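This report concerns only the one structure given below.
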Amino acid sequence: MSKIEIRTVNVIQYLYPLREGGSLPAIVKADDGYLYVIKFRGAGQGKKALIAEFLGGEIARAIGLKVPELVFMNLDDSFSKTEPDEEIQDLLKFSVGLNLGLHFLSGAITYDPLVSEIDALTASKVVLLDSIISNIDRTTKNTNLLQWNKELWVIDNGASFYFHHDWKTWENHLTRTFPLIKDHVLLQSASKLEEASKEIQQLLNQDKTIEIVSNIPEDWLLSESDTMTPTEMRAAYVKFINTRFSKIDLLVKEAENAK
């Protein structure tokens, strides 16, 4: 299995905000010449949303789903000084430092369950991915999926791992499954859950989980309000993912029953 290498790039141009989400992500240009959708550390859910986005994206990639390249993005303080919009100006000011970028898929369209076709195995993998990472935000209201080059691409995993918003009770989540899977946009198309489960088990193991978690920037794990150390948090993410993974048969059953 190939080693994860996350590139770090510098933002050289702020182009325009994407107003669909509440957190005001934006299209920016980086010093490698490419365009990215940047998720800001200064937005509503802060660095925890970036961690969820990063972990969810790299786990999706590890199990064979299509995910735009994720990069760490350095943002300096020059952009807030030239931005006329006050809301965006504040966001840029609070986001100086390391942010998260997703390679911009030019011409991609939002997945629409009424008109877009999807194969059953891919649908089943996405359903199980979201059960594993406890992603509450892949519904018909907000699919967080794109169609690009006739393929399905997974984006926007920032609402996953919601236990990390309260570290005091995170261990309570280890015994739970994911009943909210009943609202998943792809549930009705996910007719190959058993097959998807076998593939996921071949592709994701404890070493891969540790490798993904070890790539979270240390800075994102530091917060005055958290009582746990970055090392303890990393261990908690690994334990959570592996515990979910160990009960994948239960997650399959839960999804099948929800259908």
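Taking the numbering used here, I'd label the letters of the sequence shown as residues 693 to 951.
In this text, a Cβ means the ideal position worked out from N, Cα and C, and glycines have one as well.
Keep in mind the model is a prediction, meaning the values are calculated, not measured.
- In chain order, A735 and G736 place their CB closer than 6 Å to the CB of S715, counting only its own chain and leaving out the 5 sequence neighbours on each side.
- Here N791 really is in contact with K731; their C-beta atoms are around 6 Å apart, less than 8 Å.
- Residue environment analysis places D804 among the exposed positions, since fewer than 16 neighbouring C-beta atoms fall within 10 angstroms of its C-beta.
- Shown here, L820 sits in a helix according to DSSP, grouped into three states.
- Leaving aside the five residues that flank E750 on each side, the residues in its chain whose CB is nearer than 6 Å to its CB run, in chain order, I904.
- The alpha carbon of K939 has as its nearest neighbour, out of F870, P709, K695 and L838, the alpha carbon of F870.
- Non-local beta-carbon contacts of D723 in its own chain, meaning distances under 7 Å to residues more than five positions away in sequence, involve V701, N702 and I704 in chain order.
- The continuous beta strand (DSSP E) containing V729 extends over residues L727 to K731.
- Contact annotation: L794 and Y728 have beta-carbon atoms nearer than 9 Å.
- Straight through space, the alpha carbons of D875 and T802 are spaced by roughly 18 Å.
- Nearest in C-alpha terms to T923, of all of N934, E910, T935 and S917, is E910.
- Approximately 7 Å separates the beta-carbon atoms of V763 and I698; this is inside 8 Å, confirming the contact.
- By the neighbour-count definition (other C-beta atoms within 10 Å, threshold 16), Y706 is a buried residue.
- Separation of I825 and F853 (C-alpha to C-alpha, rounded to the nearest whole angstrom) is 6 Å.
- Cβ-Cβ separation between L844 and I755: approximately 13 Å, too far for a contact (criterion under 8 Å).
- By alpha-carbon distance to A950, the top candidate from T861, D829 and L885 is L885.
- In the three-state reduction of the DSSP assignment, F764 falls in the strand class, which pools E and B.
- The Cβ atoms of A882 and S816 lie closer than 9 Å to each other.
- Look at Y803 here: in three-state DSSP terms it is coil, with no helix or strand label.
- Burial is judged here by how many other beta carbons sit within 10 angstroms of a residue's own beta carbon; T867 has fewer than 16 and is exposed.
- Residue range Q898 to S906 is occupied by the alpha helix (DSSP H) that includes K900, with no beta strand (DSSP E) assigned at that position.
- Sequence-distant partners of T832 (beyond 5 residues in either direction) whose C-beta falls short of 7 Å from its own C-beta, in its chain, are P805 and V877.
- In this structure, L943 sits away from I847, with a CB-CB distance that is not shorter than 9 Å.
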